[in-house]
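Chains as they are written, first to last, in the numbering used here: chain A, 552 to 823; chain B, 24 to 286; chain C, 140 to 470.
Even glycine gets a Cβ: it sits at the ideal position worked out from N, Cα and C.
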Amino acid sequence: MVDVGTIAVYRRLIGARVRSDFGFRASFAFRLVSACVITGLDFAVIAVVFTKIGRLGGWRFSEVAYLYGACGVAFSVAETWIGGVDYLAVRIKQGTFDRVLVRPMSALGQLATEEFALRRIGKLFQAGAVLVAALVAIPVQWTTGRILMVPVTIAAGAVIYGAVWVATAAISFWTVDANELGNALTYGGNYLTQYPITIYSAWLRRLLAFVVPMAFVGYFPSLYVLGRTAPSERFGLPSVVMFSSPVVAAAACAVASAIWRVGLRRYRSTGS
Amino acid sequence: MRLYAEVARRAFRRFSTYRAATLAGAFTNTVFGFIQAYVMVAVFRVRHDVGGLHRVDALTFVFLTQAMIMCVGLFSAGGDVAERVKTGEIVVDLYRPVDFQGYWLAVDLGRAGFNVVARGLPPLLAGALVFDLRLPGPFEWAAFLASLAVATVASFGWRFLVALVTFWVVDDRGPAQLSTAVVMFFSGFIIPLNFFPDPLRWACRALPFVTMVQLPIEVFLGKHHGLDLARVLAYQLLWAAVLLAAGRAVLPRATRQVEALGG
Amino acid sequence: MAQIELVDVVKEYSVWHRAGRVRRQRKLVRAVDRISLSVAEGELCGYIGPNGAGKSTTVKMLTGIIVPTSGRIRVAGKDPQRQRIELARRIGVVFGQRTQLWWDLPLADSFDLLRHVYRVPHDRHRANVNAFIDLLDLGPFMQTPVRQLSLGQRMRGDLTAALLHDPEILYLDEPTIGLDVVSKARVREFLASVNRDRGVTVLLTTHDLTDVERLCTRLVVIDHGRLIHDGTVAEIKSRFGDHRTVVVDLEEAGPPLEVAGAEVVGVDGPRQWLRFDRQATTAAAVVAAVAEQAALRDIAIEEPDIEDVVRRIYSGDAASTPDLRDDPSRA
Numbered sequence: 552m553v554d555v556g557t558i559a560v561y562r563r564l565i566g567a568r569v570r571s572d573f574g575f576r577a578s579f580a581f582r583l584v585s586a587c588v589i590t591g592l593d594f595a596v597i598a599v600v601f602t603k604i605g606r607l608g609g610w611r612f613s614e615v616a617y618l619y620g621a622c623g624v625a626f627s628v629a630e631t632w633i634g635g636v637d638y639l640a641v642r643i644k645q646g647t648f649d650r651v652l653v654r655p656m657s658a659l660g661q662l663a664t665e666e667f668a669l670r671r672i673g674k675l676f677q678a679g680a681v682l683v684a685a686l687v688a689i690p691v692q693w694t695t696g697r698i699l700m701v702p703v704t705i706a707a708g709a710v711i712y713g714a715v716w717v718a719t720a721a722i723s724f725w726t727v728d729a730n731e732l733g734n735a736l737t738y739g740g741n742y743l744t745q746y747p748i749t750i751y752s753a754w755l756r757r758l759l760a761f762v763v764p765m766a767f768v769g770y771f772p773s774l775y776v777l778g779r780t781a782p783s784e785r786f787g788l789p790s791v792v793m794f795s796s797p798v799v800a801a802a803a804c805a806v807a808s809a810i811w812r813v814g815l816r817r818y819r820s821t822g823s
Numbered sequence: 024m025r026l027y028a029e030v031a032r033r034a035f036r037r038f039s040t041y042r043a044a045t046l047a048g049a050f051t052n053t054v055f056g057f058i059q060a061y062v063m064v065a066v067f068r069v070r071h072d073v074g075g076l077h078r079v080d081a082l083t084f085v086f087l088t089q090a091m092i093m094c095v096g097l098f099s100a101g102g103d104v105a106e107r108v109k110t111g112e113i114v115v116d117l118y119r120p121v122d123f124q125g126y127w128l129a130v131d132l133g134r135a136g137f138n139v140v141a142r143g144l145p146p147l148l149a150g151a152l153v154f155d156l157r158l159p160g161p162f163e164w165a166a167f168l169a170s171l172a173v174a175t176v177a178s179f180g181w182r183f184l185v186a187l188v189t190f191w192v193v194d195d196r197g198p199a200q201l202s203t204a205v206v207m208f209f210s211g212f213i214i215p216l217n218f219f220p221d222p223l224r225w226a227c228r229a230l231p232f233v234t235m236v237q238l239p240i241e242v243f244l245g246k247h248h249g250l251d252l253a254r255v256l257a258y259q260l261l262w263a264a265v266l267l268a269a270g271r272a273v274l275p276r277a278t279r280q281v282e283a284l285g286g
Numbered sequence: 140m141a142q143i144e145l146v147d148v149v150k151e152y153s154v155w156h157r158a159g160r161v162r163r164q165r166k167l168v169r170a171v172d173r174i175s176l177s178v179a180e181g182e183l184c185g186y187i188g189p190n191g192a193g194k195s196t197t198v199k200m201l202t203g204i205i206v207p208t209s210g211r212i213r214v215a216g217k218d219p220q221r222q223r224i225e226l227a228r229r230i231g232v233v234f235g236q237r238t239q240l241w242w243d244l245p246l247a248d249s250f251d252l253l254r255h256v257y258r259v260p261h262d263r264h265r266a267n268v269n270a271f272i273d274l275l276d277l278g279p280f281m282q283t284p285v286r287q288l289s290l291g292q293r294m295r296g297d298l299t300a301a302l303l304h305d306p307e308i309l310y311l312d313e314p315t316i317g318l319d320v321v322s323k324a325r326v327r328e329f330l331a332s333v334n335r336d337r338g339v340t341v342l343l344t345t346h347d348l349t350d351v352e353r354l355c356t357r358l359v360v361i362d363h364g365r366l367i368h369d370g371t372v373a374e375i376k377s378r379f380g381d382h383r384t385v386v387v388d389l390e391e392a393g394p395p396l397e398v399a400g401a402e403v404v405g406v407d408g409p410r411q412w413l414r415f416d417r418q419a420t421t422a423a424a425v426v427a428a429v430a431e432q433a434a435l436r437d438i439a440i441e442e443p444d445i446e447d448v449v450r451r452i453y454s455g456d457a458a459s460t461p462d463l464r465d466d467p468s469r470a
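Structural data, given as structure tokens:
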């Protein structure tokens with residue numbers, strides 16, 4: 552379905568969105584900066600905590616910073632590109648979602664591109680800076696495999712976050728009042744992945760490994776990059792989970808698109 | 024006074040109609056509370072005391088912050104007042120025989136009254152079920168509720184000021200976001216101020232934001248007694264009064280801005 | 140060939156009612172109740188009914204936004220439910236109260252984006268835009284952000300947006316709502332020319348019956364989701380409007396007059412309204428009968444206009460709905 556022509560159209564829709572935002576240049580800059588500051592607060596917390604302790608859940612500051620940076624970059628990519636689906640509830644309430652349905656393109660694609668949010672890129676800069684600093688600071692023997700794993704982690708992480716975003720936004724097809732439930736999973740999910748999952752209790756760890764696959768965003772692939780204990784020793788999971796993020800990402804996409812389609816069908820049959 | 028009580032009552036009822044949103048929000052607060060709680064558990068596995076805070080204090084602290092956000096209204100800078108300014112409807116409001124700031128304070132207290140129960144209890148109860156929290160006796164509860172009420176007024180005073188910025192800038196979302204960031208960091212919301220190095224901690228105590236989160240929680244945790252408690256409440260009241268007065272002082276200037284623009 | 144075809148179409152919604160403080164009860168509401176309708180190529184068909192009659196629901200089903208509970212719909216030979224995207228290229232839609240345009244961008248940019256969304260060849264697009272600029276006089280505000288346009292200007296922009304990809308079918312949901320008299324006239328003129336010169340099949344949903352009278356050859360009336368009339372505007376007038384009203388101003392106020400074949404439908408001081416059936420009597424006979432009973436100062440005869448007719452349909456033939464005569468164009 553997605554051919555070169557379609558991508559070109561989406562590019563133009565994104566361009567239109569960016570031009571709209573630039574119409575209010577001063578306020579755009581203000582929001583970019585404040586978004587940067589707000590997301591930076593999460594890292595400030597980590598930094599403050601590490602002034603009091605040397606290790607958190609067995610991890611050093613630089614290691615947690617790497618996890619934070621990799622997850623943050625992945626999240627901001629997902630947030631920028633697909634986070635616009637958050638507006639589904641608002642669109643349905645205003646009745647402007649229908650406009651998307653009378654056009655000859657995918658509803659999801661249009662929503663994401665029309666609500667593309669360049670200002671959310673503030674987090675990319677902030678998390679990117681932390682990531683670069685962390686890569687320099689972590690005490691690890693760099694091998695080709697480890698080096699390659701960093702971009703793979705980020706790409707797979709972005710896809711997993713994106714899938715969670717789409718799946719939770721689709722809740723709005725059932726109820727438009729529970730948008731914040733989605734936030735608990737998207738922003739909450741991001742917040743959660745910033746820390747090594749060893750600090751969580753067993754049930755939460757299992758939930759993250761097997762249900763909402765947040766552990767595959769940062770923690771498992773980071774074990775490999777950081778050269779830490781293999782997951783088999785802690786969780787009884789085979790070492791292959793460290794390399795499974797791309798597969799999990801593909802599966803997450805399939806599940807998310809199924810949920811979206813069911814939701815859209817429901818919307819079209821209830822129209823409310 | 025009857026009028027303002029009525030306004031507050033209506034705001035309370037208006038918010039109580041958003042049922043699904045309230046549930047979803049309470050769930051989100053609870054989730055964030057849990058994540059922060061596990062971070063604290065990890066911290067206190069290594070240390071016993073951080074700036075006078077023990078494990079049970081820290082756990083209670085994080086769930087209380089989640090329980091208090093909506094009541095104190097940390098995220099709602101701008102909000103209704105900014106919206107009135109943006110749409111120009113404020114001109115109508117100013118001609119009403121009602122005190123503008125008083126009216127919106129009443130609305131905000133109604134909102135807070137609803138949220139203290141609907142958004143406050145769920146995270147606190149969920150936290151208390153899973154973790155060992157410090158739940159105080161009746162006297163501390165009463166002191167805490169008084170402190171929370173003053174915190175809400177102080178927070179309103181600040182948010183009212185931020186909303187007035189809308190008179191000068193087109194888009195209120197930038198200032199609102201920046202205000203949120205500042206308040207979150209300096210109020211003890213994202214992390215107890217006890218974690219800060221001493222100089223920063225003392226600096227934070229001199230700012231108004233400490234009265235919005237950190238101080239009510241310290242009251243809840245029973246960190247202040249007798250005269251000390253009275254001093255804390257008085258300090259909160261002082262900031263609330265200063266912020267409200269600042270709002271009253273800025274309002275006429277802001278409205279002149281509207282008149283200059285031709286309403 | 141029928142461009143739009145509905146056979147026995149039903150659309151039901153579940154509505155949740157509050158029963159007590161917490162408990163809620165589900166109730167099934169039929170928004171569209173077994174409507175069958177066929178609109179031929181090139182027709183300009185009015186689709187009217189009171190608020191909540193099911194007009195918008197029908198349009199949403201025809202565009203594929205929502206799917207019917209049962210029944211069959213074909214638009215340009217396609218099933219809107221299954222072939223929504225294919226069909227979207229061949230239809231244009233204008234929702235009067237919601238714009239299709241990009242709010243913060245100049246009108247010209249919206250048109251350019253739509254060229255790509257619908258993949259219209261460049262030359263064809265250029266020609267269409269130029270034609271519409273002429274027809275609707277868009278020139279002066281092509282570079283203005285949509286949010287700064289007046290309602291009338293925006294509607295002209297929206298009409299253009301809906302037609303740039305040369306749709307065969309155009310749905311208009313309240314295109315004149317909120318417009319001033321001049322803008323309304325301009326929109327009507329434009330719609331007539333689009334229908335005439337481009338052969339576009341138009342389905343027009345409206346509250347404004349002047350739209351219908353000026354534009355439509357055919358009129359479909361629905362109420363409570365049911366189709367209650369389908370025919371020409373002339374037919375509907377003669378079927379439901381076969382009455383006249385004589386307004387008489389008497390020398391002095393009195394009790395309602397008693398005139399054979401006529402009925403007093405209103406009294407205001409010395410003024411009385413007498414309605415009569417043209418088949419049963421004549422205006423002359425009614426006036427003569429009145430003159431016998433009272434001293435006449437002045438008389439006037441009111442023709443039924445379409446609004447009267449439709450109001451009578453809602454309250455008379457569809458007798459169950461006297462409370463639904465909430466026609467804002469009249470208020």
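Original post:
Taking just the CA atoms, how far does residue 694/A sit from residue 706/A?
Top reply: Residue 706/A sits at position 155 when you count from the first residue of the first sequence. Residue 694/A sits at position 143 when you count from the first residue of the first sequence. Distance between the alpha carbons of residue 706/A and residue 694/A is about 19 Å.
Original post:
For residue 156/C, which option in 150/C, 165/C and 149/C has the closest C-alpha, if you only look at C-alpha atoms?
Top reply: Taking the first residue of the third sequence as position 1, residue 156/C is located at position 17. The closest CA to that of residue 156/C, considering only 150/C, 165/C and 149/C, is found on 165/C.
**OP:** Compute the Euclidean distance between the alpha carbons of residue 170/C and residue 206/C, then round it to the nearest angstrom.
**Re:** Taking the third sequence and counting its residues from 1, the one referred to as residue 170/C is at position 31. Taking the third sequence and counting its residues from 1, the one referred to as residue 206/C is at position 67. The alpha-carbon of residue 170/C is positioned some 12 Å away from that of residue 206/C.
**OP:** Flag residue 606/A as yes if its beta-carbon sits less than 8 Å from any beta-carbon of chain B, otherwise no.
**Re:** Your numbering for residue 606/A matches position 55 in the first sequence. Judged by the 8 Å Cβ criterion, residue 606/A is in contact with chain B.
**OP:** Find out if the Cβ-Cβ distance for the pair residue 178/B, residue 115/B is shorter than 8 Å.
**Re:** Counting from one through the second sequence, the residue named residue 178/B turns up at place 155. Counting from one through the second sequence, the residue named residue 115/B turns up at place 92. Cβ distance not < 8 Å, so residue 178/B and residue 115/B don't count as in contact.
Original post:
Curious, which full-length alpha helix (DSSP H) runs of at least 4 residues does the segment 616 to 696 of chain A contain?
Top reply: Qualifying alpha helix (DSSP H) stretches, in chain order: 639 to 645, 648 to 652, 658 to 665 and 673 to 688.
Original post:
For residue 649/A and chain C, any beta-carbon pair shorter than 8 Å?
Top reply: Here residue 649/A refers to the residue found at position 98 of the first sequence. Yes, residue 649/A lies at the interface with chain C (some Cβ there is under 8 Å from its Cβ).
Original post:
By Cβ distance below 6 Å, which residues in the same chain neighbour residue 778/A in space, the five residues on each side in sequence not counted?
Top reply: By one-based count along the first sequence, residue 778/A stands at place 227. The beta carbon of residue 778/A lies closer than 6 Å to those of 691 in the same chain, with the five residues before and after it left out.
Original post:
What's the C-alpha gap between residue 585/A and residue 596/A?
Top reply: Reading the first sequence from its first residue, position 34 is the one you call residue 585/A. Reading the first sequence from its first residue, position 45 is the one you call residue 596/A. Residue 585/A and residue 596/A: Cα-Cα distance of roughly 17 Å.
Original post:
Exposed or buried, which one is residue 225/B when buried takes at least 16 other CB atoms within 10 Å?
Top reply: Numbered from its first residue, the second sequence carries residue 225/B at position 202. Taking all protein chains in view, the Cβ of residue 225/B is surrounded by fewer than 16 other Cβ atoms within 10 Å, so the residue is classified as exposed.
**OP:** Please name the residue or residues paired with residue 415/C in a DSSP beta bridge.
**Re:** For this step, residue 415/C is matched to residue 276 along the third sequence. In the DSSP secondary-structure assignment, residue 415/C is bridged to 383/C and 401/C.
Original post:
Do the segment 207 to 215 of chain B and the segment 230 to 237 of chain B touch if we need at least three Cβ pairs shorter than 8 Å?
Top reply: The segment 207 to 215 of chain B is in contact with the segment 230 to 237 of chain B.
Subject >> Reduced DSSP category for residue 467/C - H, G, I as helix; E, B as strand; rest coil >> reply: As a first step, residue 467/C must be located in the third sequence, where it is residue number 328. The pLDDT assigned to residue 467/C is 37, lower than 50, so where the model puts this residue is not dependable; a value taken from the coordinates is nonetheless given after this. Under the three-state reduction of DSSP, residue 467/C is assigned to coil, being neither helix nor strand.
Original post:
Are residue 721/A and residue 814/A touching if we call contact CB-CB under 8 Å?
Top reply: On the first sequence, position 170 is the one that residue 721/A refers to. On the first sequence, position 263 is the one that residue 814/A refers to. Result yes, Cβ atoms of residue 721/A and residue 814/A sit closer than 8 Å.
Subject >> residue 24/B burial status per 10 Å Cβ neighbour count (16 or more: buried) >> reply: For this step, residue 24/B is matched to residue 1 along the second sequence. Counting Cβ neighbours within 10 Å, residue 24/B comes out exposed, since fewer than 16 surround it.
**OP:** Could you tell me whether the Cβ of residue 201/B comes closer than 8 Å to any Cβ of chain A?
**Re:** Translated into the one-based positions of the second sequence, residue 201/B becomes position 178. By this cut-off, residue 201/B is an interface position.
Subject >> Cβ-based neighbour list, residue 172/C, same chain, cut-off 8 Å, excluding 5 preceding and 5 following >> reply: By 1-based counting over the third sequence, the position of residue 172/C is 33. Taken in chain order, the residues that qualify are 149, 193, 363, 364 and 365.
Subject >> For residue 307/C and residue 338/C, the rounded distance between their alpha carbons >> reply: Within the third sequence, the letter at position 199 stands for residue 338/C. Within the third sequence, the letter at position 168 stands for residue 307/C. Approximately 8 Å between the Cα atoms of the pair.
Original post:
Are the beta-carbon atoms of residue 2/B and residue 137/B separated by less than 8 Å?
Top reply: Any answer about residue 2/B is impossible in this case: the structure gives chain B only from 24 up to 286.
Subject >> Alpha-carbon to alpha-carbon, residue 344/C and residue 424/C >> reply: The residue given as residue 424/C occupies position 285 in the third sequence. The residue given as residue 344/C occupies position 205 in the third sequence. The alpha-carbon atoms of residue 424/C and residue 344/C are separated by roughly 40 Å.
**OP:** Tell me the start and end of each unbroken alpha helix (DSSP H) in the segment 205 to 290 of chain C that is at least 4 residues and wholly inside, in chain order.
**Re:** List check, alpha helix (DSSP H) in window: 223 to 227, 246 to 256 and 261 to 275.
Subject >> Min CB distance residue 226/B to chain A below 8 Å >> reply: Here the question's residue 226/B lines up with position 203 in the second sequence. No, residue 226/B does not count as interfacial toward chain A.
Original post:
For chain A, is any of its Cβ atoms less than 8 Å away from the one on residue 308/C?
Top reply: The sequence position of residue 308/C within the third sequence is 169, counting from 1. For residue 308/C, the answer is no, since every Cβ of chain A falls outside 8 Å of its Cβ.
**OP:** Starting from the beta carbon of residue 248/C, find every residue of chain A whose beta carbon is closer than 8 Å, and list them in chain order.
**Re:** Start at 1 with the first residue of the third sequence, and residue 248/C comes out as number 109. Neighbours of residue 248/C on chain A, chain order: 567 and 570.
Subject >> Distance between residue 176/C and residue 199/B (C-alpha atoms, nearest Å) >> reply: As a working mapping, residue 199/B is identified with position 176 in the second sequence. As a working mapping, residue 176/C is identified with position 37 in the third sequence. Roughly 54 Å between the two C-alpha positions.
Original post:
Can you find a C-beta in chain B that's less than 8 Å from the C-beta of residue 684/A?
Top reply: What you label residue 684/A is simply residue 133 of the first sequence in a count that begins at 1. Closer than 8 Å: no.
Original post:
What residue range is occupied by the uninterrupted alpha helix (DSSP H) comprising residue 739/A?
Top reply: In the first sequence, counting from the first residue as 1, residue 739/A sits at position 188. 730 to 744 is the span of the alpha helix (DSSP H), which, as asked, contains residue 739/A.
Original post:
Closest Cβ-Cβ distance between residue 655/A and chain C: below 8 Å?
Top reply: Taking the first residue of the first sequence as position 1, residue 655/A is located at position 104. It does: the Cβ of residue 655/A has a partner Cβ on chain C nearer than 8 Å.
Subject >> Contact set between residue 826/A and chain B, taken where Cβ atoms lie within less than 7 Å >> reply: With chain A running from 552 to 823 in the structure shown, residue 826/A is simply not present.
Original post:
Secondary structure at residue 194/C, three-state DSSP: helix, strand or coil?
Top reply: Taking the first residue of the third sequence as position 1, residue 194/C is located at position 55. In the structure shown, residue 194/C sits in a helix (DSSP, three-state: H, G or I).
Subject >> Segments assigned alpha helix (DSSP H), at least 4 residues, entirely inside the segment 219 to 243 of chain B >> reply: As far as the segment 219 to 243 of chain B is concerned, its whole alpha helix (DSSP H) runs of at least 4 residues are 221 to 228 and 237 to 243.
Subject >> Cut-off 6 Å between Cβ atoms - residues of its own chain near residue 630/A, not counting five sequence neighbours on either side >> reply: Counting from one through the first sequence, the residue named residue 630/A turns up at place 79. Correct list, in chain order: 671.
Original post:
Using the beta-carbon count (16 or more within 10 Å), is residue 279/B buried or exposed?
Top reply: Taking the first residue of the second sequence as 1, we reach residue 279/B at position 256. It is exposed - the Cβ of residue 279/B has fewer than 16 other Cβ atoms within 10 Å.
Original post:
Taking C-beta to C-beta, are residue 319/C and residue 291/C nearer than 8 Å?
Top reply: In the third sequence, residue 319/C corresponds to position 180, counting from 1. In the third sequence, residue 291/C corresponds to position 152, counting from 1. Note that the C-beta distance between residue 319/C and residue 291/C is below 8 Å.
**OP:** Starting from the N-terminal side, write out each stretch of the alpha helix (DSSP H) that is 4 residues or longer and does not extend beyond the segment 314 to 374 of chain C.
**Re:** Complete alpha helix (DSSP H) runs here, min 4: 320 to 337 and 348 to 354.
**OP:** Go through its chain and collect everything with a Cβ distance to residue 278/C's Cβ below 7 Å, but skip five positions before and after it.
**Re:** Counting from one through the third sequence, the residue named residue 278/C turns up at place 139. Hits under 7 Å: 272.
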